[in-house]
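As structure tokens, the structure follows; a few thoughts come after it.
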Amino acid sequence: MARVGLPVWRALFWGALIAVFGLALLPLAELPPLAFSLSDKAQHALVFTALWCLGATAYPDTRGLLAVALLGYGGAIETAQALTPTRQAEWADWLADAIGIALGWWAMSWAVRLRQAVP
Numbered sequence: 200m201a202r203v204g205l206p207v208w209r210a211l212f213w214g215a216l217i218a219v220f221g222l223a224l225l226p227l228a229e230l231p232p233l234a235f236s237l238s239d240k241a242q243h244a245l246v247f248t249a250l251w252c253l254g255a256t257a258y259p260d261t262r263g264l265l266a267v268a269l270l271g272y273g274g275a276i277e278t279a280q281a282l283t284p285t286r287q288a289e290w291a292d293w294l295a296d297a298i299g300i301a302l303g304w305w306a307m308s309w310a311v312r313l314r315q316a317v318p
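In the working numbering, the protein residues as written are 200 to 318.
Here you go:
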């Protein structure tokens, strides 16, 4: 089975960043319904876990920079939401983003160790 190359992972990562930013600025009533129910903070953590995993796969040698960049991205989303009439900024959302980044970092580190341990 062929491995997916870095350009594909990078396109997926940047596409996800654009999609998440766009969805974050839509009025809540216009967002598509979720197939499952999660709290707002859990949604933030899950999205940023996924962004971390995509970013760490796309840019494997920049994990510290990626964490800082994603924290800044989360802050930019909250700032942009504060400037819209239909959304509001919640800095607890930014904390949930940080938790998601940490969970993603842990999950990717665990997966790498597991892959190295299995011959």
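Think of the CB as a built atom: it goes at the ideal place given N, C-alpha and C, for glycine as much as any other residue. Computed from a prediction, not measured in an experiment: that's the story for all the values here.
In this structure, DSSP gives Gln287 a state outside helix and strand, which the three-state scheme calls coil. Contact annotation, Arg286 with Leu224: C-beta distance approximately 7 Å; criterion of less than 8 Å satisfied. Distances from the CA of Gly254 to each of Ile300, Ala228 and Thr283 were compared; the closest alpha carbon is that of Ile300. Distance from the CA atom of Leu250 to the CA atom of Gly204, rounded to whole angstroms, is 17 Å. Looking at Ser308, Ala281, Ala257 and Lys240, the one whose alpha-carbon comes closest to that of Arg202 is Ala257.
Tyr272 sits in a helix when the DSSP states are folded into three classes. Contact between the stretch 218 to 232 and the stretch 274 to 283 is present: 3 or more CB-CB pairs across the two stretches fall below 8 Å. Per DSSP, reduced to three states, the secondary structure at Gly303 is helical. Across the structure, Gly214 and Val207 are spaced so that their CA atoms are roughly 10 Å apart. For a cut-off of 8 Å, the C-beta gap from Trp304 to Ala266 is around 7 Å, short enough to register as a contact.
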